[in-house]
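Each remark here refers to the structure printed beneath this line.
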Amino acid sequence: MAKSRKKKKSQAPPSIKRDYEVTKTFFDKFSIVARKTLQLMELDPSLFDKFTKKQKIEMMQTKIAAPHFEAKPGHRVPRHYIKEVQKRSTEFMEYVCIGDPALKLTFYDYLTMGTQFGTFCSAMYKDKQYCEQAEVYKTIADRVIQLEDFSENTLMRQYFEFLRELLGHLSQFNYRMYGFDLDFKQTRNRIMLAHYIQITSIECEKKAFIFHDKKRPAFRMLMPNYIESEVNFVNMPVNRIFENSKPDKLLKVYIQSHALLRMKERLDTLALYEKNLYLINAVNFGKKIRLTSGREAFEMLDEANHVIAYLPFVVLDDCVVILSVLPVTDPATPIGKQLCDTLGISKVELDICGMNKLSYFLRTDFDKIPRLKQALEINNLMYLTEDISLYEQIETYERTPGISAQVFQTERTHEEVLSEIEEKY
240 MAKSRKKKKS QAPPSIKRDY EVTKTFFDKF SIVARKTLQL MELDPSLFDK FTKKQKIEMM
300 QTKIAAPHFE AKPGHRVPRH YIKEVQKRST EFMEYVCIGD PALKLTFYDY LTMGTQFGTF
360 CSAMYKDKQY CEQAEVYKTI ADRVIQLEDF SENTLMRQYF EFLRELLGHL SQFNYRMYGF
420 DLDFKQTRNR IMLAHYIQIT SIECEKKAFI FHDKKRPAFR MLMPNYIESE VNFVNMPVNR
480 IFENSKPDKL LKVYIQSHAL LRMKERLDTL ALYEKNLYLI NAVNFGKKIR LTSGREAFEM
540 LDEANHVIAY LPFVVLDDCV VILSVLPVTD PATPIGKQLC DTLGISKVEL DICGMNKLSY
600 FLRTDFDKIP RLKQALEINN LMYLTEDISL YEQIETYERT PGISAQVFQT ERTHEEVLSE
660 IEEKY
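Residue numbering for the sequence shown follows my numbering, starting at 240 and increasing by one per position.
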């Protein structure tokens, strides 16, 4: 006679069971993070103790996973870019604290357990308005709405700025500009919700201009998307160029491929993000000056408001076209002309020494070239001898006089020095 076999009870898949399980370790960690989150929102941490143990477990079961990263649907983003952004962002979230560092609440803990706690309180306030803890839910929910609306007051501002800078290092006007958007949805393989950082990309808009009988390719300047869906092009009021005009018309702004190349060569100690940022700021807010050639240009300033370059431009077909990026020492610029007059030299000597690049000023020992150092001091250019980049730390080079010593430390004429240099090189 066959033995009767008992039917086994169907068990939930391991992942689902794990997602709803609340271990003692998780309970203790969540309780700590919840109290810190209340302090972060400037509320009394003892509010967490007003919930019953059953309510606490219930809020702990609605777990939120760590942020996920993906390309926004319809946007082209290289896979290795997404992986790099995810890696760097995770490192940031695990080691950087949100709000007061004394709380020791990392972005990672806040975006998982802290957000989970706030989201649950907001939902319970709507669903259980007449429960015993309704007032507690309402107090927390109101504060969550104020601080998590992604405005200027958002608690995530520091992380968003980090993400913006990180994507800025990948953006190029002649290729793509990268930004990000946010979504909050269920994960694909787990019964959990998660914040999705969706990386966006905007393809460059290219146009050819005819200038001096030559066809010149240029790219339209734009701002990357940051939690926005619309493309923000850099436009310029017509009265910024023509002072007597009315500000009722906007001019498109383009930059020549030649200018992008010159910016890469001459601002060689700056990170790509810094170059793009200073370029946009120069176009939007830079002082307009006139070069010795008669052409107008915008001043480009660094983080400390020092002039580091000039952007000559021309207006063609109702568009402002940036033609090039001139170093601050170029004799065509006001500061460069003063420097050349002080030293009694021309553009030829400057180019031979390499003074058209920012890196020159970090690799030259000016103490051994008193004449040149004095000229920089007279013209208030000593700031160029300091590393102005906030991101790119230039390699440690031993400062040397280099070829500048031959140009500026001799009794011979410049013609004789240049002739000797040409013979050598």
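Ideal Cβ placement from N, Cα and C applies to all residues, glycine included. Everything numeric in this text was worked out from a predicted model, so none of it was measured.
Within a Cβ cutoff of 6 Å, which residues of the same chain sit near residue 462, ignoring the five residues on either side of it in sequence?
The answer, listed in chain order, is 471.
For residue 651 and residue 323, what's the separation of their Cα atoms in angstroms?
Low confidence applies to residue 651: its pLDDT is 49, below 50, so where it sits in the model is not reliable enough to give any reading.
Between the beta-carbon of residue 412 and the beta-carbon of residue 475, is there less than 8 Å?
For residue 412 and residue 475, no; Cβs fall outside 8 Å.
Taking 6 Å as the limit between beta carbons, can you name the residues of its chain near residue 393, skipping five residues before and five after?
Cβ neighbours of residue 393 beyond the five flanking positions: none.
Based on the DSSP output, what are the partners of residue 454 in its beta bridges?
DSSP lists 449 as partners of residue 454.
If you reduce the DSSP assignment to three classes, tell me which class residue 571 lands in.
Residue state for residue 571 is assigned as coil, using DSSP reduced to three classes.
Are residue 531 and residue 586 close, meaning C-beta to C-beta below 8 Å?
When the beta-carbon positions are compared, residue 531 and residue 586 stay at least 8 Å from each other.
Specify, as a first and last residue, the run of the alpha helix (DSSP H) that residue 518 falls within.
In the DSSP assignment, residue 518 falls within the unbroken alpha helix (DSSP H) covering 511-524.
Just grab the DSSP bridge partners of residue 422 for me.
BP columns for residue 422 point to 435.
Beta-carbon gap between residue 310 and residue 321 smaller than 8 Å
Taking 8 Å as the Cβ cut-off, residue 310 and residue 321 qualify as a contacting pair.
Measuring CB to CB, does residue 573 end up less than 8 Å from residue 563?
Not closer than 8 Å, so no.
By the DSSP assignment, the beta strand (DSSP E) with residue 483 in it spans what residues?
Where residue 483 is concerned, there is no enclosing beta strand (DSSP E), given that its DSSP letter is neither H nor E.
Run through the DSSP bridge pairs and tell me what residue 669 is partnered with.
The structure shown has nothing for residue 669, since the chain only spans 240 to 664.
Status (buried if at least 16 other CB within 10 Å, exposed otherwise) for residue 334:
Residue 334 is classed as exposed because its beta carbon has fewer than 16 other beta carbons within 10 Å across all chains shown.
Cβ contact check for the region 615-624 and the region 595-605: 3 or more pairs under 8 Å
Taking 8 Å as the limit for Cβ pairs, the verdict is that the region 595-605 does touch the region 615-624.
Should residue 591 and residue 642 be called a contact, given that it needs their Cβ atoms to be closer than 8 Å?
Their beta carbons are under 8 Å apart, which means residue 591 touches residue 642 by this criterion.
Comparing alpha-carbon positions, which option in 544, 534, 581, 298 lies nearest residue 565?
Ranking the options by Cα distance to residue 565, first place goes to 534.
For the beta strand (DSSP E) containing residue 540, name the first residue and the last one.
Going by DSSP, residue 540 is part of the beta strand (DSSP E) stretching over 535-540.
The alpha helix (DSSP H) that contains residue 497, what's its start and end?
Unbroken alpha helix (DSSP H) run through residue 497: 496-505.
I need the straight-line Cα distance from residue 542 to residue 409, nearest angstrom please.
Going by the C-alpha atoms only, they are around 20 Å apart.
Quick one: is residue 670 buried, meaning 16 or more other Cβ sit within 10 Å of its Cβ, or exposed?
Since the first residue shown for the chain is 240 and the last is 664, residue 670 is missing from the structure and cannot be characterised.
When you compare each of 579, 527, 487, 405 to residue 325 by their alpha carbons, which one comes out closest?
Nearest C-alpha to residue 325: 405.
For residue 643, name the three-state secondary structure that DSSP assigns.
Of the three classes helix, strand and coil, the one that applies to residue 643 here is helix, per DSSP.
Exposed or buried, what is residue 259 when buried is set at 16 or more other beta-carbons lying within 10 Å of its beta-carbon?
Flag for residue 259 reads exposed.
Determine which residues share a DSSP beta bridge with residue 603 and list them.
DSSP lists 639 as partners of residue 603.
Report the rounded CA-to-CA distance for residue 424 versus residue 358, giving the unit in angstroms.
Each residue's alpha carbon lies about 13 Å from the other.
Tell whether a beta-carbon distance below 8 Å holds between residue 440 and residue 319.
Not a contact, by the Cβ cut-off of 8 Å.
Do residue 290 and residue 372 count as a contact pair if the criterion is CB distance below 8 Å?
Closer than 8 Å, so yes.
Would you kindly work out how many angstroms separate the C-alpha atoms of residue 421 and residue 464, rounded to a whole number?
Taking the straight line joining both Cα atoms gives about 11 Å.
According to DSSP, is residue 324 helix, strand or coil?
Annotated three-state conformation of residue 324 is helix, per DSSP.
Looking at C-alpha atoms only, which residue of 480, 349, 396 is the closest neighbour of residue 528?
Of the listed residues, the one whose Cα sits closest to residue 528 is 480.
Where does residue 287 sit, in a helix, a strand or coil, going by DSSP?
Look at residue 287 here: in three-state DSSP terms it is helix.
Range of the contiguous beta strand (DSSP E) that encloses residue 196:
Summary: the structure shown does not reach residue 196, with the chain confined to residues 240 through 664, and so no result is reported for it.
Would you decide whether residue 257 is buried or exposed? Buried here means 16 or more other CB atoms lie within 10 Å of its CB.
Label assigned to residue 257: exposed.
Tell me which residue opens and which closes the alpha helix (DSSP H) that residue 379 is part of.
Where residue 379 is concerned, the enclosing alpha helix (DSSP H) stretches over 373-386.
Residue 400: first and last residue of the uninterrupted alpha helix (DSSP H) it sits in:
Element bounds for residue 400: 396-407.
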